[in-house]
Structure formats: structure tokens, C-alpha cells
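Residue numbers (the numbering used here): 3 to 365.
Following this line, the structure appears as C-alpha cells:
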């Protein structure tokens, strides 16, 4: 029965993630991934105690092992695992050397992780039009003979998938500034995909449901270690893997990109406004700073717990809408949500500009 298999996938992945997280917390000094705010000076830093990073390894271990147990050993699964490995290794190096890897280098590695999946056939063949019907992305094609078989590259579909996966790896990671913020809304997003995929009679969606369960379980197992006061940080690996896996799930679940955009409405809008703001100020959009929504909320006196719960609650509310609405209503709702949240974030930015930033949050 699919429900029981889904629950088992969540439980096993959660247990693996929690166990590996505990081991990393215990061995953080030896692994040289302790993030000490006294030495790691950066405007975006909000923690005030030394804690290990390294969240990429629990997620990689849980999702890769879960995928091999619950999914068929096909090329697409190995592509996902390969992409995860690239991000986990990048995350460990970045964690060990305190974010010394250039953001531009990380973007290239984001692209390589995405290509590892796209190269195995995971792509967006169509998108639903806001005006009704679908827009096909499976043309033009470039075909060639390779290893005794005929292979085709769907140019538009692959370009769209590449942009989507790189975008997701970054915008999701940008919304991980406080304790427990990231894993909570990732669990909500993964559960949403599982519900959407379960509605299709297509047998291929069974694997998507189980993969969503594995991803949700992995971040659920990581959550107790990241919840306030955090004993461990996601680090670059944990953040980029979250966006990568949610992006892959959105593609595999019959291209539910619109639904994922709704669930992640706040991270999406926040990322767009931050990029515009940084470019307007003559700064690179990929260099971090104290200019995300969670920073503005901390400036308003919110605790870290309140910020995290706000992100969870917003994701849950948007998930309910995503599960109820259908195109074209969904796209008009996305536009309305973008305008509302965008206005709120701009107001908070205006307020914070003329307010004195308080001391470190006490939680």
C-alpha cells in the first residue's frame, strides 16, 4: 500500500538523517567545520555561538540511501544521486573553509549538479499556460547516435530545467538564515509534492511520492538538530540540496513548477527583491548581506523561533492553496501573492532602513 510505503520512507530517511547529524555534531571539531561567529565575520551571520555546519552530509546520506531502497535503480535515480554528491562535496569544502568558495564558482557547480540530472532525462517537456492549455518545450530537438542508441536533447526543455534547478538551489538556500527556518518549509513543500503526485494514475508517480517522502523525512530528521538553539547548521550543502531536490521533485511530478512556486512564495519573492535591490545598489546579486526578509523581521524584534514558524506557516498556507487551485486560477493567485508579499517586504525594508538594528536575537 502506497501510504504505508510513504510513511516508511519518511521514517527511514528521518532516522538516517538524525543519526548522521548527531555524529557530525559530535565530531564537528575533528571535521573542522565549526562556524564561530567570532572569527567568521559576515553581515548575514545571525548566530552568536560556535556550531558545526555540514548539513549536506545527513541529507545526502538519507536521500541517497532512501532512493536506493524505495526507488528502482534506473538512470534517473543515479543522476539525482550524482547531482547530490556534487553539492554535498561542495558544501563540505565551503563549510570547512568558511565560505571561501566564490559564489560564481558555486553557480557553476550548481549548473553541473543540474546537468547530472538533466543528462539522465529529467526535464520539463511542457508547462501549463496561464491562458489555458499547455506550452510544449520538447521542440526543437537535437538527436545523435551514442553507445549504440539514439539520443535526443530537448533544447528548450533542458534550458528551462537547468535555469529552474540553478534558481531553486539558490533561492531556497537564501531563506535559511535562522535556526529551524529551512527544514520546516522544505518538509511542507515535499509533502505537497507527494500529495499532488499521488493524484495521478500514472505508475511513474509512485516513485515521485516515495522520493518526496524520503526528502521530507531527511529534513524532518535534521530539524531537531537545527531547531533553536541550533546544534548544527545546514551549511551550503544542506541549503543547496534542499533547492535541488525540491526542484527535481517539481519537475518529476508532472512539471508542478507552479505549485512549488506557490509553496515557496516568500523565498521566491524575497529572492527577486534582493536581486533587484543589490543590482540597483551596484552590488553583485550573489554576494550575501543583511537584506533578506528574515533579517528585516529580526530588526523588527522577532525571535528566531517566530521567524522560523512564520516561514513554516506561510508555506503551509500556500500549500493548501496549491492543492486546491487549478490553472489559470493558480497563476493569477501566484501573481497576487507576489504583489502582496513584495509590498510587505518592501515596507519592512523601508522601515529597517530608518530603524536602529538591535543586538543579537535571543531566540
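Virtual Cβ for every residue (Gly too), placed ideally from N, Cα, C.
Here the structure is a predicted model, which is why all the values come from computation and not from measurement.
Residue j beta carbon less than 8 Å from that of residue i
i: residue 239; j: residue 85; result: no
i: residue 266; j: residue 191; result: yes
i: residue 237; j: residue 17; result: no
i: residue 176; j: residue 301; result: no
i: residue 325; j: residue 90; result: no
i: residue 64; j: residue 219; result: yes
i: residue 200; j: residue 211; result: yes
i: residue 73; j: residue 213; result: yes
i: residue 61; j: residue 19; result: yes
i: residue 185; j: residue 247; result: no
i: residue 172; j: residue 112; result: yes
i: residue 174; j: residue 245; result: yes
i: residue 348; j: residue 335; result: no
Simplified DSSP assignment, three categories, for residue i
i: residue 328; result: coil
i: residue 229; result: coil
i: residue 37; result: strand
i: residue 60; result: helix
i: residue 349; result: helix
i: residue 155; result: strand
i: residue 312; result: helix
i: residue 256; result: coil
i: residue 361; result: The predicted model places residue 361 with a pLDDT of 39, which falls under 50 and marks its position as unreliable; any figure quoted below should be read in that light. Residue 361 falls in the coil class under three-state DSSP.
i: residue 54; result: strand
i: residue 144; result: strand
i: residue 128; result: strand
i: residue 288; result: coil
i: residue 14; result: helix
i: residue 180; result: coil
CB-CB length for residue i against residue j, believed under 8 Å
i: residue 189; j: residue 251; result: Not confirmed; about 12 Å, so no contact.
i: residue 1; j: residue 170; result: Because the chain is modelled from 3 through 365, residue 1 falls outside the range shown and cannot be assessed.
i: residue 124; j: residue 253; result: 6 Å
i: residue 288; j: residue 105; result: 4 Å
i: residue 294; j: residue 276; result: 6 Å
i: residue 71; j: residue 14; result: 7 Å
Proximity winner among the options, relative to residue i (alpha-carbon distances)
i: residue 197; options: 262, 343, 18, 279; result: 262
i: residue 24; options: 160, 7, 59; result: 59
i: residue 52; options: 68, 67, 35; result: 35
i: residue 31; options: 116, 15, 234; result: 234
i: residue 292; options: 104, 178, 73; result: 178
i: residue 165; options: 122, 207, 115; result: 115
i: residue 255; options: 126, 27, 11, 160; result: 126
i: residue 3; options: 78, 208, 174, 39; result: 208
i: residue 29; options: 55, 107, 163, 340; result: 55
i: residue 241; options: 96, 13, 81; result: 96
i: residue 93; options: 33, 284, 343; result: 33
Nonlocal neighbours in the same chain, by C-beta distance under 6 Å from residue i, ignoring five residues either side
i: residue 316; result: 268
i: residue 187; result: 313, 314, 317
i: residue 142; result: 157
i: residue 259; result: 252
i: residue 221; result: 185, 188, 189
i: residue 103; result: 96
Close beta carbons around residue i, own chain, < 7 Å, minus the five adjacent residues each side
i: residue 180; result: 48, 296, 306, 309, 310
i: residue 66; result: 83, 86
i: residue 10; result: none
i: residue 202; result: 256
i: residue 281; result: 287
Own chain residues within Cβ distance below 8 Å of residue i, not counting five before or after
i: residue 321; result: 190, 191, 193, 194, 264, 265
i: residue 232; result: 49, 53, 181, 182
i: residue 270; result: 173, 263, 340
C-beta neighbour in chain B for residue i, strict 8 Å
i: residue 183; result: Absence of chain B from the displayed structure is noted, only one protein chain being present.
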